[in-house]
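Here the numbering used here runs 6 ahead of the position in the sequence shown, where the first position is 1. Everything below concerns the one structure shown next.
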Amino acid sequence: MSLRTSTDEDTGVAVVTLDRPDRLNAIDLGMARELTATWRALRFDDSVRAVVLTGSGTRAFSTGIDRDVVVPQPGSPYMQDDPLLTIGPKANDLWKPVVAAVEGMACGGAFYLLGECEFVVAGADAVFFDPHTTYGMVSAYESVLMAQRMPYGEVARMMLMGTAERISARRAYGIGLVSEVTEAGGALAAATACAAVVAGYPAAGVQGTVRALWAAREAACAAGFAQAPHLISLGNLPAERQAELFAARRSSGFRVR
7 MSLRTSTDED TGVAVVTLDR PDRLNAIDLG MARELTATWR ALRFDDSVRA VVLTGSGTRA
67 FSTGIDRDVV VPQPGSPYMQ DDPLLTIGPK ANDLWKPVVA AVEGMACGGA FYLLGECEFV
127 VAGADAVFFD PHTTYGMVSA YESVLMAQRM PYGEVARMML MGTAERISAR RAYGIGLVSE
187 VTEAGGALAA ATACAAVVAG YPAAGVQGTV RALWAAREAA CAAGFAQAPH LISLGNLPAE
247 RQAELFAARR SSGFRVR
């Protein structure tokens, strides 16, 4: 199992933890299936009225899809399989509020998850970036989701600068990606405290509000997602060339802003 779920029966808050710290909580196909199953199971658990999503350890919330994952693709350019499209709560029709608690790195495919959370709490050492362009890939779904949470210029800079820059927790707070910055290591406690407050309110009103908030965003997401497969097909380098660029990556040389 690469996912842990615990529930506080007194508060009605469930904590869902991405649990592959040795892989920086990167999402493999097993974790993707577990996330889908978890969100769908939480729809039926009336004892859970709010959820906190976090990553195991302090190095990363998640670095997105595991680079070792091989996803077979149909031969047609009109069809594309993306295992991350179904890992978020909204994609699984869960309208209970989900608060993200981020420590360390959150990048790339992690935005599929953060983009479907109500708000994000980050520890002081958290950083956000998107490596797609550096490795010859189109940032499509991630860009669409983050464009709903950040000013256009900020999300454009993050996506286009690739691994050359990382957005600090403080900067993320200033541009609206993050709603609260805690001391390093404090994000989970702060996010859980928020979730406990919300879980204490009548569930029908809370869930209706979550649904209304998402309704304001989903039309834009749907339009962007409709374009994404074609843009990825046109713009991505061959997998072999992507792997070469990834293998040549440097662990230093980026700036944090």
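Built from N, CA and C at the ideal position, the CB exists for glycine as well.
Going straight from the alpha carbon of GLN233 to that of GLY94, what length do you get? For the purposes of this step, residue 233 is taken as the residue at position 227 of the sequence shown. For the purposes of this step, residue 94 is taken as the residue at position 88 of the sequence shown. Rounded to the nearest angstrom, the two C-alpha atoms are 19 Å apart.
Within a Cβ cutoff of 7 Å, which residues of the same chain sit near GLY182, ignoring the five residues on either side of it in sequence? Locating residue 182 in the sequence shown gives position 176, counting from the first residue. So the list reads ARG155, MET156, once near-sequence residues are dropped.
For chain B, check one thing: does any of its Cβ atoms lie closer than 8 Å to the Cβ of ARG26? Checking the listed chains, one finds no chain B in this structure; it contains a single protein chain.
Buried versus exposed call for PRO89 [16 or more other C-beta atoms within 10 Å across all chains shown]: Your numbering for residue 89 matches position 83 in the sequence shown. By the 10 Å Cβ count, PRO89 comes out buried.
For LEU237, which residues from the same chain have a beta carbon less than 8 Å from its beta carbon, with the 5 sequence-adjacent residues on both sides left out? Taking the sequence shown and counting its residues from 1, the one referred to as residue 237 is at position 231. Result list for LEU237: VAL144, ALA146, in chain order.
Confirm, please, whether the CB-CB distance from TYR141 to GLN300 is below 8 Å. The displayed coordinates of the chain run from 7 to 263. Any statement about residue 300 would go beyond what the structure contains.
Alpha helix (DSSP H) runs wholly inside the stretch 167-206, at least 4 long, in chain order: 175-180, 193-205
Excluding five sequence neighbours on each side, which residues of the same chain lie with their C-beta closer than 7 Å to the C-beta of VAL77? Against the sequence shown, residue 77 aligns to sequence position 71. So the qualifying residues of the chain are ASP87, PRO89.
Please name the residue, chosen from GLY121, PHE50, GLU186, that lies closest to GLU224 on a Cα-to-Cα basis. If you number the sequence shown from 1, residue 224 lands on position 218. Here the closest residue by C-alpha is GLY121.
With a Cβ-Cβ cutoff of 8 Å, do MET37 and ARG26 count as a contact? As a first step, residue 37 is located in the sequence shown; it is residue number 31 there, counting from the start. As a first step, residue 26 is located in the sequence shown; it is residue number 20 there, counting from the start. A contact, by the Cβ cut-off of 8 Å.
Answer yes if the stretch 200-218 comes into contact with the stretch 68-76, meaning at least three C-beta pairs across the two stretches below 8 Å, and no otherwise. no
Where does the unbroken beta strand (DSSP E) through ALA132 begin, and where does it stop? For the purposes of this step, residue 132 is identified with residue 126 of the sequence shown, where counting begins at 1. Element bounds for ALA132: n/a, residue is neither H nor E.
Please report the Cβ distance between VAL127 and ALA20, rounded to the nearest whole angstrom; I am assuming they are in contact, meaning their Cβ atoms lie under 8 Å. Looking up residue 127 in the sequence shown gives position 121. Looking up residue 20 in the sequence shown gives position 14. Their Cβ separation, rounded to whole angstroms, is 16 Å, which puts VAL127 and ALA20 out of contact at 8 Å.
My output table needs one value for THR11: the three-state DSSP class, helix, strand or coil. To locate residue 11, count along the sequence shown from 1; it is residue 5. Of the three classes helix, strand and coil, the one that applies to THR11 here is strand, per DSSP.
Residue closest to ALA9, alpha-carbon to alpha-carbon, out of THR17, ASP16, GLY211, LEU35: Counting from one through the sequence shown, the residue named residue 9 turns up at place 3. Here the sequence assigns Leu to residue 9, which means Ala is not the residue at that position. Of the candidates THR17, ASP16, GLY211, LEU35, the one whose C-alpha sits nearest the C-alpha of LEU9 is LEU35.
Excluding the 5 residues flanking CYS200 on each side, which residues of the same chain have their C-beta closer than 6 Å to its C-beta? Here residue 200 is taken as the residue at index 194 of the sequence shown, counted from 1. The residues are VAL105.
Cutting at 8 Å between CB atoms, please list the residues of its own chain near SER62, excluding the five before and the five after it. Mapped onto the sequence shown, residue 62 falls at position 56. Counting only Cβ-Cβ distances below 8 Å, and skipping sequence neighbours, we find ARG10, THR23, LEU24, ASP25, ARG26, PRO27, ASN31.
What separation, rounded to the nearest whole angstrom, lies between the Cα atoms of ALA226 and MET152? As a first step, residue 226 must be located in the sequence shown, where it is residue number 220. As a first step, residue 152 must be located in the sequence shown, where it is residue number 146. Straight-line Cα distance between these residues: approximately 11 Å.
Unbroken alpha helix (DSSP H) runs of length 4 or more, entirely within the stretch 213-259: which are they? 245-253
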